[in-house]
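2 protein chains.
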Amino acid sequence: MESIESPAFVPTQRSTVKRLAKRAEYDRTTVYQILDEGLICHVGFVVDGNPFVIPTAYGRIEEQLYIHGSPASRMLRTLQTGIDVCVTVTLLDGLVLARSAFHHSMNYRSVVVFGTASIVSEPEQKLEALRAFTEHIVPGRWSEVRPPNRSELTGTLVLALPLVEASAKVRTGPPVDDEEDYALPVWAGELPLELATAQPIADPRLSSAIEPPAYVTAYTRAATRQA
Amino acid sequence: MESIESPAFVPTQRSTVKRLAKRAEYDRTTVYQILDEGLICHVGFVVDGNPFVIPTAYGRIEEQLYIHGSPASRMLRTLQTGIDVCVTVTLLDGLVLARSAFHHSMNYRSVVVFGTASIVSEPEQKLEALRAFTEHIVPGRWSEVRPPNRSELTGTLVLALPLVEASAKVRTGPPVDDEEDYALPVWAGELPLELATAQPIADPRLSSAIEPPAYVTAYTRAATRQA
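Quick mapping for you: the protein sequence lines, in order, are chains F and H. Read in my numbering, the first sequence has 209 at position 209, and its numbers run on one by one without any break. The number in my numbering is simply the position in the second sequence, starting from 1, with 227 added.
Take a look at the structure:
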């Protein structure tokens with residue numbers, strides 16, 4: 001899974017997966033695929049000793065994870081002071097139904113990133129981050145929409161979190177029951193889950209002459225991008 | 228939205244939604260519906276000043292949120308000492324495509340709960356919590372599977388977080404563009420997203436005589452439960 005161009009993450013004390021270490025993965029390909037498939041991350045930070053966990057969208061360019069928002073946001077105002085942050089992305093792949101209550105589980109892929117976020121102030125890099133942000137959510141969208149103007153750029157705070165200290169955790173496959181429970185007459189197996197789209201809903205103010213583009217009608221998350 | 232039986236949450240300093248306060252909701256019905264539809268929460272806690280955000284399953288009985296796991300879990304070992312915790316559940320309902328990059332958004336429903344988790348040690352309450360846990364993920368499952376035995380009960384740490392300090396945040400509807408952008412010839416609207424199931428995959432060791440039950444083949448998250 002590793003290559004010279006893409007060395008694996010080196011587990012640190014806090015990024016080492018402690019529980020069920022057999023599910024841990026530290027190679028960049030796995031971590032990037034999970035980050036690129038996800039749409040929302042959960043950002044954890046500490047204010048006056050209290051933990052906060054806030055969901056937000058994100059983007060990635062190579063070894064940087066970007067989050068953005070209003071300069072007035074409590075989360076972004078806090079993070080820009082350079083405090084430690086933990087960003088987690090979780091993809092739920094299925095429910096795992098065992099024959100015993102105890103062995104029920106879920107199939108999932110998650111990434112946890114630790115680090116310190118810093119402000120992106122260089123305009124060119126900021127614009128690139130916003131492009132990555134939009135393209136992460138809807139690949140193909142950026143070139144069709146009006147790009148940010150000067151006041152929108154100023155009014156957006158972009159933070160970068162270097163992807164240095166990260167780990168993935170992955171569970172796949174059927175349930176694992178106690179040997180004596182396999183004889184129980186109970187259905188057991190996996191119920192796969194996936195993020196599906198429904199019919200696009202046109203903005204009420206949209207001209208009926210404008211059809212939704214293919215990147216909307218054929219939208220899918222799985223394997224949309226490569227690391 | 229409120230009733231005498233179910234008073235709204237009283238916003239505290241940390242549970243008050245600061246950004247886009249118009250999206251904030253504090254009534255229990257909204258908060259409980261989001262918690263009951265979600266499958267995974269993200270638990271935030273602080274160890275040696277570092278924030279951790281860990282995805283995990285959960286259950287709810289009335290005004291208690293339950294999480295569980297191995298007594299060896301770093302997360303649960305830390306939480307049982309009674310530190311502050313922040314638990315966030317996020318449901319992603321759709322992508323909001325505006326005519327400008329700046330106004331792209333997502334439709335979502337999220338809940339953030341603050342509080343202190345405590346150990347559930349009373350066996351009767353612990354078993355009830357585990358039942359709620361399984362029924363939360365797959366309603367109808369508990370009565371069909373082998374219940375936890377004494378050693379499994381002992382080997383499971385259950386924590387309760389009282390639902391006292393909580394808030395919800397909800398975005399719905401079409402994009403909101405700048406007035407001058409509505410004339411742009413760009414498709415705009417919502418792309419609804421939902422958690423869908425694929426065909427159940429039987430455990431390779433399952434007898435082919437056992438068919439998947441209706442609560443598996445007709446599985447759906449939306450509105451599975453009432454508060």
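Note that beta-carbon positions come from the ideal geometry of N, C-alpha and C, so glycine has one too.
Asked                                                                                                   : Found
Endpoints, alpha helix (DSSP H) assigned at F:GLU128                                                    : 123-137
Min CB distance F:ILE67 to chain H below 9 Å                                                            : no
Which listed residue (F:VAL112, F:GLN199 and F:LEU195) has its alpha carbon closest to that of H:ALA472 : Residue 472 of chain H is absent from the structure shown; chain H starts at 228 and stops at 454.
H:LEU441: first and last residue of the uninterrupted alpha helix (DSSP H) it sits in                   : The sequence shown places Ala at residue 441 of chain H, rather than the Leu named in the question. Segment 441-444, the alpha helix (DSSP H) holding H:ALA441.
is_contact[H:ALA449, chain F] using C-beta, thresh 9 Å                                                  : no
Coil, strand or helix - F:VAL120 by DSSP                                                                : coil
F:VAL216 at chain H interface by Cβ criterion, 9 Å                                                      : yes
Limits of the unbroken alpha helix (DSSP H) element including F:GLU211                                  : Neither: F:GLU211 is in no alpha helix (DSSP H) and is coded neither H nor E.
Endpoints, the beta strand (DSSP E) within which H:SER394 is located                                    : 392-398
Test item: CB-CB of H:ALA359 and H:ARG287 under 9 Å                                                     : yes
Closest by C-alpha distance to H:MET193, when choosing among H:VAL338, H:LYS245, H:LEU266 and H:ALA344  : A query on residue 193 of chain H cannot be resolved here, the shown segment of chain H reaching from 228 to 454 and no further.
Residue-chain proximity (F:ALA196, chain H), Cβ-Cβ < 9 Å                                                : yes
Under the three-state DSSP convention, the category F:VAL255 falls into                                 : It is not possible to answer for residue 255 of chain F, since the shown part of chain F is limited to 1 through 227.
Nearest neighbour of H:PRO282, chosen from H:VAL391, H:ASP405, H:SER332 and H:CYS268 [CA to CA]         : H:CYS268
Three-way DSSP call (helix, strand, coil) for F:ALA202 in this model                                    : strand
Under 8 Å from the C-beta of H:HIS331: neighbouring residues of chain F                                 : THR134, ILE137, VAL138, ARG141 and VAL145
Interface residues of chain H facing F:ALA129 [CB-CB closer than 8 Å]                                   : Here the premise fails: no neighbours, minimum Cβ distance about 12 Å.
Whole-angstrom distance between H:SER370 and H:ALA410, CA atom to CA atom                               : 58 Å
Chain-ordered residues of the stretch 388-405 of chain H with a beta carbon less than 7 Å from chain F  : PRO401 and PRO402
Element boundaries [alpha helix (DSSP H), containing H:ARG255]                                          : 255-264
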